[in-house]
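Enquirer:
In my numbering, the protein residues as written are 45 to 352.
(1) Expressed to the nearest angstrom, what Euclidean distance is found between the alpha-carbon atoms of residue 217 and residue 173?
(2) Could you name the residues of the same chain whose beta carbon sits closer than 8 Å to that of residue 287, not counting the 5 residues immediately before and after it, in chain order?
(3) Just the C-alpha distance for residue 135 and residue 109, rounded to the nearest angstrom, thanks.
(4) What residue ranges within the region 142–196 form continuous beta strand (DSSP E) runs of no fewer than 3 residues, ordered along the chain?
(5) Can you give, in chain order, each stretch of the beta strand (DSSP E) that sits fully within the region 244–278 and has at least 3 residues?
(6) Quick check: the region 229–247 against the region 153–161, are there 3 or more CB pairs under 8 Å?
(7) Could you tell me how far apart the beta carbons of residue 232 and residue 95 are, in whole angstroms, since I believe they sit closer than 8 Å?
(8) Secondary structure at residue 94, three-state DSSP: helix, strand or coil?
(9) What span of residues does the beta strand (DSSP E) with residue 82 cover, start to end?
(10) Residue 292 lies in the alpha helix (DSSP H); which residues open and close that run?
(11) Should the region 265–284 be called in touch with the region 298–313, which here means at least 3 C-beta pairs below 8 Å?
(12) Counting beta carbon pairs with one atom in the region 131–145 and one in the region 55–63, are three or more of them shorter than 8 Å?
(13) Give the secondary structure of residue 297 by DSSP, where H, G and I count as helix, E and B as strand, and everything else as coil.
(14) Considering only the alpha carbon of each residue, which of 113, 98, 296, 283 lies closest to residue 243?
(15) By the 10 Å Cβ neighbour count, where 16 or more other Cβ atoms means buried, how is residue 275 classified, buried or exposed?
(16) In the DSSP output, which residue or residues are listed as bridge partners for residue 337?
(17) Per DSSP, which residues does residue 40 bridge with? Please list them.
(18) Just the Cα atoms here: how many angstroms apart are residue 273 and residue 212?
(19) Buried or exposed for residue 52, going by 16 or more other Cβ atoms inside 10 Å?
(20) Taking the straight line between their C-alpha atoms, what separation do you get for residue 50 and residue 294?
(21) Residue 102 bridges to which residues according to DSSP?
(22) When you compare only the Cα positions, how much space is there between residue 181 and residue 245?
(23) If you run the structure through DSSP and keep just helix, strand and coil, what is residue 132?
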């Protein structure tokens, strides 16, 4: 069984994280429960995952680098929401995971400040794009942990990561058979979290995910269409597809993300909220929100499908 509690807060995320950083000056209510994890959304596909005294970031995009890059173009990538925290606001980060090389998942203007701030920080990246990751992270290759689908790694004591192939509209491999688009099942503090990166359905995805038995899925729901794909913006699951993946793979809870950042590549939050109500009793579905902490513990007696 799985227990999920949702806490909302008014203070900035930076203050929240500082209040529960290590060594903690005092306890803070939304800290990870014993034997569980706490999650915060960073916007787009980015999350903070805390558990077992460790802080992990996955796909953090905390800059405006894309707005500068695409200024004056068809898709100017102007933010609809401010970054909830800046790289310099973190008191500690133990590990960063990047699912693929696109800037909203592997952002030099986020990763390089983190690398400078924390000289021992390491980065989990797809082995297929290792050279690009070296440039984007701005670090020596020794600080990178290259991985590929089918492997199992333990980059920190108590943190186990299982990469899963993702299809960013296409299921690609390089000339060595390695996948440039990855998802990760992150096992920490007794909770397994599946982050798909950017992904669409493909044959075998349900089986790949089900085999790793994640408790919670973090899935993008901005969808895809020919107009975006034809202009260099490959898409993701629709909300229907993301929900179906969870049900077929036996994942009991899901946070829908990759919305609310760029106006050309989002989903109306009201659509997600309507689906949350419709799924009660079948899937514990949540919409990614800032100023919100999800506290998750596995093997509890509470059924998460009773909340939404």
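Glycine is no exception: its CB is placed at the ideal position from the N, C-alpha and C atoms.
Expert: Short version:
(1) 11 Å
(2) 298, 319, 323, 327, 329
(3) 23 Å
(4) As far as the region 142–196 is concerned, its whole beta strand (DSSP E) runs of at least 3 residues are 166–170, 188–191.
(5) 260–264
(6) no
(7) 4 Å
(8) strand
(9) 80–87
(10) 283–293
(11) yes
(12) yes
(13) Look at residue 297 here: in three-state DSSP terms it is strand.
(14) From the listed residues 113, 98, 296, 283, the smallest Cα separation to residue 243 is found for 283.
(15) exposed
(16) 51, 84
(17) Missing from the structure shown is residue 40; the chain here goes from 45 to 352 and no further.
(18) 10 Å
(19) Residue 52 sits exposed, since fewer than 16 C-beta atoms from the chains shown fall within 10 Å of its C-beta.
(20) 22 Å
(21) 91, 141
(22) 29 Å
(23) Here residue 132 sits in helix by DSSP.
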